[in-house]
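Each remark here refers to the structure printed beneath this line.
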Amino acid sequence: VAVKVIDKKRAKKDTYVTKNLRREGQIQQMIRHPNIAQLLDILETENSYYLVMELCPGGNLMHKIYEKKRLEEHEARKYIRQLILAVEHLHRAGVVHRDLKIENLLLDEDNNIKLIDFGLSNCAGILGYSDPFSTQCGSPAYAAPELLARKKYGPKIDVWSIGVNMYAMLTGTLPFTVEPFSLRALYQKMVDKEINPFPTQLSTG
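Each step along the sequence shown adds one to the number in our numbering, with nothing skipped, and position 70 is 1317.
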């Protein structure tokens, strides 16, 4: 197994951490899917919370992309298909992940995707959270424009993030980047569809 440790002192000082910890545990205990890392147990001691997860010995997909520079198309196709299946399952259960990124994709012993980190997920209709679907959260480079603009949004923001993940797998970079970083400039680049170019060696099919 793998264990995620959360320090209680930090959690008490940060209501955001406490809220997300509770949310993450409840959502992951509710969800079961082959491409979503399973939460096995939640333990508590005097000083810490422990989230006991299934072990993903294949490591982080980001490390694999870093080592190879980019994935082959057949590899990316497999991983994106599995990510789509996982997200489809979440959406059918009323859950929006809101933080789909390469860093949150682990690999099991059979080289299959395992989606992790549900701390920013939302399923207000099921668990009764008051957090509306207008909160700006997640990683800006993977986030949909409406999320960055603090507009009302829904499950489609995860679909946008899947597209960003696919671009990252195939190119080793992100589709929208700005230097120096500016949230406003990043948002404008997305709205203007100023996507970074694809490598010429990619197939057109």
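Quick reminder that beta carbons are idealized off the backbone N, C-alpha and C, glycines included. It should be emphasised that the depicted structure is a prediction, and the values quoted were computed from it without experimental measurement.
By Cβ distance, which residues of its chain are closer than 7 Å to Q1275, with the 5 residues on each side in sequence left out?
-> Take Q1275, set aside five residues on each side of it, and the residues of its chain with a beta-carbon closer than 7 Å to its own are L1286 and F1365, in chain order.
Taking C-alpha atoms, which residue in P1402, L1308, C1384 and L1290 lies nearest to N1412?
-> L1308
Kindly indicate which residue of E1350, L1332, P1446 and G1272 has the alpha-carbon position closest to the one of I1289.
-> G1272
Are K1348 and A1284 touching if we call contact CB-CB under 8 Å?
-> no
Is D1405 buried or exposed, if buried means 16 or more other CB atoms sit within 10 Å of its CB?
-> buried
Give the secondary structure of Y1326 by DSSP, where H, G and I count as helix, E and B as strand, and everything else as coil.
-> helix
DSSP on I1289, reduced to helix/strand/coil?
-> strand
From I1327 to N1369, what distance separates their C-alpha atoms?
-> I1327 and N1369 have their C-alpha atoms some 22 Å from each other.
Reducing DSSP to helix, strand and coil, say where Y1296 ends up.
-> strand
L1449: beta carbon under 7 Å from a heavy atom of the ligand HEM?
-> Among the ligands in the structure shown, none appear at all, so the ligand HEM cannot be discussed.
Going straight from the alpha carbon of L1353 to that of K1260, what length do you get?
-> 30 Å
Three or more beta-carbon pairs under 8 Å between the stretch 1332 to 1339 and the stretch 1315 to 1324, yes or no?
-> no
Is N1359 helix, strand or coil by DSSP?
-> coil
For the candidate residues S1386, R1431, T1424 and N1359, whose alpha-carbon lies nearest to that of L1193?
-> No information on residue 1193 is available, as it lies outside the stretch 1248 to 1452 that the chain covers here.
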